[in-house]
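Take a look at the structure below.
2 protein chains.
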Amino acid sequence: MKANLEDIAKMAGVSKMTVSRVLRGGTGFSQDTRDRVVKVAEKLGYVPNRLAAAFGADQAGTLVGMCVPRLASGLFGQVLDGVDRALSRLGYQLMIGANNHSAAEEEAWIRQVIAWRPAGLILSGRTHTPGTVDLLRNAAAPVVEIWDLTTSPIDMSVGFSHFDCGAEMGQFLLRRGRRRAGYVGALARADVMGAARLEGFDATLSRAGHPIVAREILHDTPGFYAGYYGLETLLSRQPALDVVYFHNDEMAIGGMAYAQSRGLRVPEDIGIAGWGGMEAASILPRRLTTTVVPTTAIGKAAAEALVARLKGEPGLDVTVVPTRLEPGATG
Amino acid sequence: MKANLEDIAKMAGVSKMTVSRVLRGGTGFSQDTRDRVVKVAEKLGYVPNRLAAAFGADQAGTLVGMCVPRLASGLFGQVLDGVDRALSRLGYQLMIGANNHSAAEEEAWIRQVIAWRPAGLILSGRTHTPGTVDLLRNAAAPVVEIWDLTTSPIDMSVGFSHFDCGAEMGQFLLRRGRRRAGYVGALARADVMGAARLEGFDATLSRAGHPIVAREILHDTPGFYAGYYGLETLLSRQPALDVVYFHNDEMAIGGMAYAQSRGLRVPEDIGIAGWGGMEAASILPRRLTTTVVPTTAIGKAAAEALVARLKGEPGLDVTVVPTRLEPGATG
DNA sequence: ATGAAAGCGCTAACAC
DNA sequence: GTGTTAGCGCTTTCAT
């Protein structure tokens, strides 16, 4: 990988500048020059140096940083997919990181990534350290906060309200006649979004006079096992529940497995509700009662908001991407 | 508006070089100088410019590129997680891309990413275009091919044999008395790894005198729905099957859902086997018969192999990460 | 339509 | 322990 603009220039009998213009598809050269330059570049196996380009040009490059809570999360994998498809189509590069649900880790990641002078940043959630906010303000790069909607974003926001998700599920379960609800969560203290759903859920139930009877918030990662054991623990403390709302679908499915292992009928003996809308939930013998989140659409919208801003096009600061309550057959 | 080394140097009354040495944690400065420089850097809110650093220093930087088939894939999400944890701990940055199971798209992505002069690359699979191989050879950056083991890697390889996975499952099902096997695949023509599992599976069964009776390879993405409808189609063509091997666990679970909807008992009337080892498969009322792939470990091993090479440490060119057949209760 | 010169912020190599 | 000099490969600006 030796050839640079100068090598091509010499061999094509033009100046570096002309080569640069041709290769970037600009204007200001004859068709003949263009053909010659392109041919030489090809022959030399020229690989442009984006490091030098992004460094030399003092305008925004094509690097976009994105930070998610966990890379192994199914839902965020879909968001990433949506972001990547939209961004790569437009010639941007994606730099990723995970914050493990920690605002401090997020700040550390951002500190690393802004040193690469990204054109923009996509962050998950609206909870950030003061240091992060400072860093971002100084970097002056467009920022999109996704997933957890905020009406006063650092810059832009794409998402929905977790509180409302919980509230809507509460209302739905009340209509189905549930009166003694439990909750099984995960990532105690680390995850603010699940906590927001729980708040919305409990607020709605409380207003109706049937507040949550028992809750069990594990420290574990939300997964099938956690749901299984979470429900076991919850029921051992408070057996008289007629419905349980879970942190997410994986945990809900784990919970169903536990209920079945105990001989409890779902939804007759106990209702089960999840959150997230994972595909598996819709293929169960009984379709899971849950909230479907349009993950890919959120990723796509975030990428598009970012690019619009980069191109100076008008764009919304706050984009609400509605979730949908899936009634299912388990609630 | 943005402070650079020179600004710090002036304010601290030293030269750029001293500042550089201090900030990179080198040696060759007094404690007093160090303190002064660090304080000034902090006051100025200095953000290093990695673009300039990586560009100016003509040695490998800390950028690592990784390309996966699909970002929304559960298994690859786990691999990514393993890679990211290992890499970020060592101060590397991850640039990602998806190739949608296309070697051509992979080449396009590599062409973009090597322009950023990455320190190394992690690719999925061993099928690449000639253009890719050329590009990689010229770039002279370490490359780890993961997931699908190859004995003659471009550079390094971390993974396992898909053929062997299929062969092992074939043997297992034969031992369980299965004699009329079917196969349901996905991503026809695009996915070579599923095809390798099928080959190994069929080769083993054939050698035992019981070759695959029917196969249905969909063009769809491998998911729950695809498994459901895939089995429906397969059985409509050939109802007399005593076991079906699926492209992956998601499809297998979808297939189980279909079998149950048809009143078929699993495993009495029909056996079901998957591949991949997704967590959901182990929480089903009957644990799924499958092959468990150590995804996170593969990611970790790939990252470590890459870093070892970058540091000039000795490392293996080919790392075999064994899979494990989980007998389960459905096969 | 094309070229010359300056310089982006940093690091390597060497001088003191 | 510290400073000086010389680029890295590209884009920008201005001239022709």
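Chains as they are written, first to last, in UniProt numbering: chain A, 1 to 331; chain B, 1 to 331. The beta-carbon is built from N, C-alpha and C at its ideal position, and this holds for glycine as well.
Going by beta carbon distance, what residues of the same chain come within less than 7 angstroms of residue i, once the five residues before and after it are set aside?
| i | result |
| --- | --- |
| B:Y258 | Y228, L231 and E232 |
| A:R178 | D242, V243 and G271 |
| A:D7 | L44 |
| residue 339 of chain A | Summary: the structure shown does not reach residue 339 of chain A, with chain A confined to residues 1 through 331, and so no result is reported for it. |
| B:W109 | C67, G97 and N99 |
| A:V213 | R180, A181, G182, Q238 and L241 |
| A:D32 | none |
| A:P222 | A186, L187, H247, N248, E250 and M251 |
| B:T151 | V318 |
| A:P211 | D202 and L205 |
| B:A208 | L174 |
| A:G91 | T62 |
| B:L264 | I270 |
| B:T129 | A103, A104 and E107 |
| A:V40 | I8, M11 and A12 |
Using the DSSP secondary-structure output, state which residues sit across from residue i in a beta bridge.
| i | result |
| --- | --- |
| B:Q93 | B:L63 |
| B:S102 | Paired residues: none, contrary to the question. |
| A:M156 | A:V144 |
| B:R324 | B:V292 |
| B:T319 | B:V158 |
| A:V68 | A:A98 |
| A:F163 | Paired residue(s): none; A:F163 is not in a bridge. |
| B:G182 | B:A214 and B:V244 |
| B:A273 | B:Y245 and B:T289 |
| B:S124 | B:I146 |
Please list, in chain order, the chain B residues whose beta carbon lies closer than 7 angstroms to that of residue i.
| i | result |
| --- | --- |
| A:V47 | I114 and A115 |
| A:L80 | L71 |
| A:G254 | I283 |
Would you grab the beta carbon distance between residue i and residue j for me? Rounded to a whole angstrom, and I think it's under 8 angstroms.
| i | j | result |
| --- | --- | --- |
| B:A12 | B:V37 | 5 angstroms |
| B:L288 | B:F172 | Contact flag wrong, Cβ pair sits at about 13 angstroms. |
| B:D81 | A:A72 | 4 angstroms |
| B:H162 | B:A196 | 4 angstroms |
| B:T323 | B:V292 | 6 angstroms |
| B:G194 | B:L187 | 7 angstroms |
| B:T127 | B:V79 | Contact doesn't hold; Cβ gap of about 17 angstroms is too wide. |
| B:A226 | B:I253 | Not quite, the Cβ-Cβ distance comes to about 11 angstroms (not below 8 angstroms), so this is no contact. |
| A:F55 | B:I283 | Contact flag wrong, Cβ pair sits at about 51 angstroms. |
What residues of chain A sit near residue i, judged by a beta carbon separation below 7 angstroms?
| i | result |
| --- | --- |
| B:Q171 | Correct list: empty, because the minimum Cβ distance to chain A is about 29 angstroms. |
| B:L51 | L51, A54, F55, W116 and R117 |
With a CB to CB cut of under 6 angstroms and the five nearest residues on each side skipped, what residues in its chain are close to residue i?
| i | result |
| --- | --- |
| A:E216 | V184, G230, T233 and L234 |
| A:A9 | S15, K16 and V19 |
| B:L135 | I110 |
| residue 333 of chain B | In the structure as shown, chain B starts at 1 and stops at 331, and residue 333 of chain B therefore has no counterpart that could be examined. |
| B:K300 | G82 and A86 |
Residue i versus chain B: which residues are under 9 angstroms apart at the beta carbon?
| i | result |
| --- | --- |
| A:N138 | M1, K2, G45 and V47 |
| A:P285 | A257, Q260 and S261 |
| A:G97 | D84, S88, Q93 and L94 |
Can you list, in chain order, the residues of its chain with a C-beta nearer than 8 angstroms to that of residue i? Leave out the 5 residues immediately preceding and following it.
| i | result |
| --- | --- |
| B:L316 | M156 and A305 |
| B:L310 | A60, A119, G120 and P142 |
| B:A308 | P314 and G315 |
| B:V266 | M256, A259, Q260, I272, R286 and T330 |
| B:R21 | T27, G28 and F29 |
| B:D35 | none |
| A:P327 | F172 and T289 |
| A:V133 | I154 |
Applying a beta-carbon distance threshold of less than 9 angstroms, which residues of chain A neighbour residue i?
| i | result |
| --- | --- |
| residue 332 of chain B | Outside the shown range of chain B (1 to 331) lies residue 332 of chain B, about which nothing can therefore be said. |
| B:G77 | R70, L71, A72, S73, G74, F76, G77 and L80 |
What in chain B is Cβ-close to residue i, meaning under 8 angstroms?
| i | result |
| --- | --- |
| A:G223 | E279 |
Using a C-beta to C-beta distance shorter than 8 angstroms, which residues of chain A count as neighbours of residue i?
| i | result |
| --- | --- |
| B:Y228 | I283 |
Three-pair Cβ contact test at 8 angstroms for the segment 80–91 of chain B versus the segment 110–117 of chain B: Fewer than three beta-carbon pairs drawn from the segment 80–91 of chain B and the segment 110–117 of chain B are found closer than 8 angstroms, and the two stretches are therefore not classed as touching.
The segment 153–168 of chain A touching the segment 198–213 of chain A, judged by at least three CB pairs closer than 8 angstroms: yes
Cβ pair count under 8 angstroms reaching 3, the segment 60–78 of chain B against the segment 96–106 of chain B: yes
Three CB pairs or more closer than 8 angstroms across the segment 116–130 of chain B and the segment 276–290 of chain B: no
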